[in-house]
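Below is one structure, written out as structure tokens; comments come after it.
2 protein chains.
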Amino acid sequence: MATTRPGPNLSRIAASLGVSVATVSNALSGKGRVSAELVERIRATAAALGYVPSQAGRALRTGRSGVLGLVLPDISNPLFPQIAQAIEYSASVAGYGVLIADSRADVGMQTEAINRLVERGVDGMVIVPRRGTRISDAGCPVAVIDTPSTPGNTVSADHWQGGREIALHLGSLGHEKILLIGVSPSSNVQNDRIGGIKSALGAKVKTEILWIEKIEERDGPGCLLGLADKVRQGFTAFAAVSDLHALRALTELQKAGINVPDTVSVTGFDDLIWSSVVTPALTTMRMDMAAIADIAITALVDVIENGGPIERGGPGETFADEPPPGSRLVTAEKSRVPMQLIVRQSSGPPGPAKTNLSDGELST
Amino acid sequence: MATTRPGPNLSRIAASLGVSVATVSNALSGKGRVSAELVERIRATAAALGYVPSQAGRALRTGRSGVLGLVLPDISNPLFPQIAQAIEYSASVAGYGVLIADSRADVGMQTEAINRLVERGVDGMVIVPRRGTRISDAGCPVAVIDTPSTPGNTVSADHWQGGREIALHLGSLGHEKILLIGVSPSSNVQNDRIGGIKSALGAKVKTEILWIEKIEERDGPGCLLGLADKVRQGFTAFAAVSDLHALRALTELQKAGINVPDTVSVTGFDDLIWSSVVTPALTTMRMDMAAIADIAITALVDVIENGGPIERGGPGETFADEPPPGSRLVTAEKSRVPMQLIVRQSSGPPGPAKTNLSDGELST
DNA sequence: AGGCATTGATTAAACGATTAATCAGAACCT
DNA sequence: AGGTTCTGATTAATCGTTTAATCAATGCCT
């Protein structure tokens, strides 16, 4: 049973060159004092032997694993691919790996998932909290991606501003009765988006909020939202807080024979995968996940490697009880990243017919 | 600079009880010979001190990191949440963590992503290959989730059977002219699904394949697929190889004023997140990702921990050059997992009107 | 009673990398 | 020439865990 890794280690390189392990280590890390010529020879043989440093050995000695955790309590969230991709990329640029943890939308398992990560020795973690939950002590530095209005948030998209932009867009098109579609008022993200929308609409614009959660409680999951009725009531625009619900609205309206965007407009949020391929393509707000991930990872890594932006007093400062990097909520300078309006085909000026949509509604 | 982890280690427990580290290790792992009473005391103090074993120390000694890699070359794939969730769950049940790697749909970066995982010391990896790529030597045990018809596949959904079931469903509804919608013939998964569909249709049923890739080459990404024309040509059903394309077809048809399912039917694959909430809800084939993940992880872990199902000769067998666990393509006993038909509202008997769909097409 | 197996613990050696401390030799200065 | 500094390398300790080898003590058998 050969449990040892096959690859060569530092001592093999050292032996093959007749030098000490320490010298090899220094040469490869560029830290100690090694002659340029020897560095070159060591580099060469390391490459020739196919040397891969053992993370285990390094981690044991340095106390750092080089791995970050990514906690997504609601992994079925269709945003996940975007988030995971961006976080993984930023982390790998910073030299870190990403361990995923899922709590299957169960609030109780969130703590368990976090513990699993801690037991695996992550140096820090990025948490996208399930709506309404607060992050308890994790035992390592933590970056939170939620909303700017949530206390403890590290960085996130500026959902409020995103809401404003959508509202401005719909307002400028001339909509005066807009239905806002959300799932649950317990979500900070949704509240911010809706708040932003409301704040940017002129006084004469009427809005109403439809909470999907409430309707599904009555009619079951996947039920109709009764949007045709809303059209009869004079609503000309449907602004959903996510492309998933925008899609739901779009198809429900289409099925009812209501033309989008000729008669009513539909907008979403997040520019999810399908938004650009449905007909009509969805007008939506896109988050700059790459920037968000970059800020989160940078701040997190800074805390891990430098202790973070703690009060840097003048020289002579006492480091008496500098808190160990256990459980610090990381903060970033720039905590809100603007969202970008993507105008596609699902939004346009309000249609003429507001009542009687029985026939001739379609324009091909 | 306190680089040491804060938590207590084995020696702290040992010291606090006046026993040796080895005894503590044995007690906690249940391997050596320790009296039941002492085991209990050690367990208790370990818990009291909040002991968390150091993965680094363990990994260094045992040569195993307890971490698996998950490579998804096309991370933007909307299936990702399902896959990641299932793999993470099975892995964590088996006592492993999951490190993600993304190659951003770039074929060249697939190797790089794999290397990153190997450098991080994963014990094995699960790869969902980008369509058409073969997995080169990875330097550790590898489980591949692709299609049963791909050489080297470890386990996957039975896409062919899935195709057959969809075909049987549409056939039994009475459809006789079906348009098959795929992206690219270079995908094994898509080919299997389409092959399955064709194989189960009666001789009198006509089919035609529409490759989205080809159309988009001409008209640009997100363009219309010209499905209204197809309806005029007499097609009454549209079977897409993924819910993403089914959705694209559905909305395009609806926008054109064609009623689904009254006039034509639309079916998809994979039961993606939106399938149950659009109107009409999509009829689709669901993969049993939990079972697939479980089989893949079980096989992978078996190879890692036991050397896998290699030829177990009688006793006296020489283990002269037993191959180290470097780069073994894992195989599983059960390599194809049946897909399940989910009948919703997007499929029904073919509508009466096959020509002239100018007016009165809608039935609310 | 003496020899032997069993139990319950300890000792000590790894695993692979990092790094502070040390050291030999060369160069430099007065 | 003698002392100091600098360079380029080595020595050795350390991180925390696992595990083979060892050992003392006890119980059992003939």
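From first to last, the protein sequence lines are chains H and U.
Anchor point for the first sequence: position 42 equals 42 in our numbering, and the numbering is continuous, going up by one each time.
Anchor point for the second sequence: position 98 equals 98 in our numbering, and the numbering is continuous, going up by one each time.
Built from N, CA and C at the ideal position, the CB exists for glycine as well.
These figures come from a predicted structure and were not determined experimentally.
Asked	Found
W211 of chain U - partner residues in DSSP beta bridges	U:G182
Residues that S156 of chain H bridges to, as DSSP identifies them	H:R336
N- and C-terminal bounds of the beta strand (DSSP E) containing S265 of chain U	265 to 267
Residues that R286 of chain U bridges to, as DSSP identifies them	U:Q340
Closest Cα partner of I145 of chain U within the set U:G307, U:I212, U:T23, U:A293	U:A293
According to DSSP, residues forming a beta bridge with V142 of chain H	H:M125, H:L329
Contacting residues, own chain, Cβ-Cβ under 8 Å from H169 of chain U (five flanking each side not counted)	T267, T283, L341, V343, S347
Where the segment 272 to 293 of chain U meets chain H: residues whose CB sits under 7 Å from a CB there	I273, W274, S276, V277, V278, T279, P280, A281
Alpha carbon of G38 of chain U to alpha carbon of A27 of chain U, nearest angstrom	The residue asked about is misnamed: residue 38 of chain U is Leu in this sequence, not Gly. Cα to Cα, L38 of chain U sits roughly 8 Å from A27 of chain U.
Contact set for A59 of chain U: own chain, Cβ-Cβ below 6 Å, skip 5 residues either direction	S65
Buried or exposed by the 16-neighbour rule on C-beta atoms within 10 Å, applied to V93 of chain U	exposed
For K177 of chain U: DSSP bridge partner residues	U:K206
Proximity test, Cβ basis, 9 Å: F365 of chain H and chain U	Since the first residue of chain H shown is 1 and the last is 364, residue 365 of chain H is not available in this structure.
Delimiting residues of the alpha helix (DSSP H) encompassing L70 of chain U	Segment 67 to 72 is the beta strand (DSSP E) holding L70 of chain U; no alpha helix (DSSP H) there.
Bridge-paired residues (DSSP) for D243 of chain U	Per DSSP, none; premise fails for D243 of chain U.
Nearest to P431 of chain U (by Cα), restricted to the options U:K255, U:Q345, U:V264, U:A332	The displayed coordinates of chain U run from 1 to 364. Any statement about residue 431 of chain U would go beyond what the structure contains.
Whole-angstrom distance between K31 of chain U and V183 of chain H, CA atom to CA atom	52 Å
Nearest-angstrom Cα separation, counted from Q345 of chain H out to D229 of chain H	23 Å
Reduced DSSP secondary structure (H/G/I, E/B, other) of D271 of chain H	coil
Contacts around V24 of chain H, its chain only, beta-carbon distance under 6 Å, and the 5 residues preceding and following it disregarded	L10, I13, A14, I42
Where the segment 91 to 105 of chain U meets chain H: residues whose CB sits under 8 Å from a CB there	S92, G97, V98, L99, I100, A101, D102, R104
Local Cβ density within 10 Å of V107 of chain U, reported as buried at 16 or more and exposed below that	exposed
Exposed unless 16 or more other CB atoms sit within 10 angstroms - verdict on S35 of chain U	exposed
Residues sharing a beta bridge with F238 of chain U, DSSP	U:L179, U:V266
Pick from H:A91, H:S186, H:G95 that is closest to R130 of chain H, judged by C-alpha positions	H:S186
DSSP three-state assignment for A256 of chain H, whether helix, strand or coil	coil
Check whether F269 of chain U and I178 of chain U have beta carbons under 9 Å apart	no
Alpha-carbon to alpha-carbon, Q254 of chain U and W211 of chain H	25 Å
CB contact check: Q85 of chain H to chain U, cutoff 9 Å	yes
Nonlocal neighbours in the same chain, by C-beta distance under 8 Å from I304 of chain U, ignoring five residues either side	R64, D123, G124, P141, P325
Burial state of N188 of chain H (16 or more Cβ within 10 Å)	buried
DSSP beta-bridge partners of V98 of chain H	H:L68
Assigned exposure category for P261 of chain U - 16 Cβ within 10 Å defines buried	buried
Own chain, CB closer than 7 Å to M289 of chain H, minus 5 neighbours either side, in chain order	Q82, I83, A86
Span of the alpha helix (DSSP H) around V62 of chain U	Reading the sequence as shown, one finds Thr at residue 62 of chain U and not Val. Run containing T62 of chain U: 55 to 62, per the alpha helix (DSSP H) assignment.
Any C-beta of chain H under 9 Å from that of S54 of chain U	yes
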